[in-house]
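J.: Counting from 85, one number per residue, gives the positions in the sequence shown under the working numbering. Note that the Cβ used here is the ideal one computed from N, Cα and C, for glycine as well. Since the model is a prediction, treat every value here as computed from it, not as a measurement. Structure incoming, see below.
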Amino acid sequence: MLRAGKWTVTKKAIIELYEEEINALYEKVEGSTRAGIGVPLPMDWIVEEAESWLMIHAVAVNAGKAVHPDIDLFAQGFDSLSATFLKNRIIGSLLSSSDCQ
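Right, dumping it as structure tokens:
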């Protein structure tokens with residue numbers, strides 16, 4: 085890591101060094117809003133159908149691993165980034181619907 089004379093991190097140099105990786109991560113997060121548009125919305129917004137629809141998104145974000153709806157997502161391997169991906173998939177799916185108002 086690049087350090088200044090007092091061994092502090094030089095922010096500008098670090099940002100320049102990791103700029104490509106930082107930008108790629110931002111693009112990946114932004115792209116996650118389009119990831120869920122192929123998942124049709126529930127026909128009826130009853131608990132069972134809504135939960136099933138949400139689980140499709142959660143499993144996709146969780147690398148295909150099953151997700152239990154009654155257990156905390158973070159206890160099942162989610163972190164803040166995967167939670168953001170899940171939120172973005174849900175929003176993207178809702179906004180892509182012809183029923184979006």
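(1) Assign Val145 to one of three DSSP states: helix, strand, or coil.
(2) So, are the CB atoms of Gly120 and Asn172 less than 9 Å apart?
(3) Quick one: Cα of Ala167 to Cα of Thr117, how far?
(4) Rounding to the nearest angstrom, what Cα-Cα distance links Glu114 and Ser182 in this structure?
(5) What number of angstroms, rounded off, separates the C-alpha of Ile49 from the C-alpha of Asn107?
(6) Please classify His191 as buried or exposed, where buried requires at least 16 other C-beta atoms within 10 Å of its C-beta.
(7) Nearest to Ser177 by alpha carbon, out of Pro124, Ala147, Ser136 and Tyr102?
T.: Reading off the structure:
(1) Here Val145 sits in helix by DSSP.
(2) yes
(3) 12 Å
(4) In this structure, the straight-line span from the alpha carbon of Glu114 to that of Ser182 is close to 21 Å.
(5) Coverage of the chain is limited to positions 85 through 185, which leaves residue 49 absent and any answer about it impossible.
(6) Coverage of the chain is limited to positions 85 through 185, which leaves residue 191 absent and any answer about it impossible.
(7) Pro124
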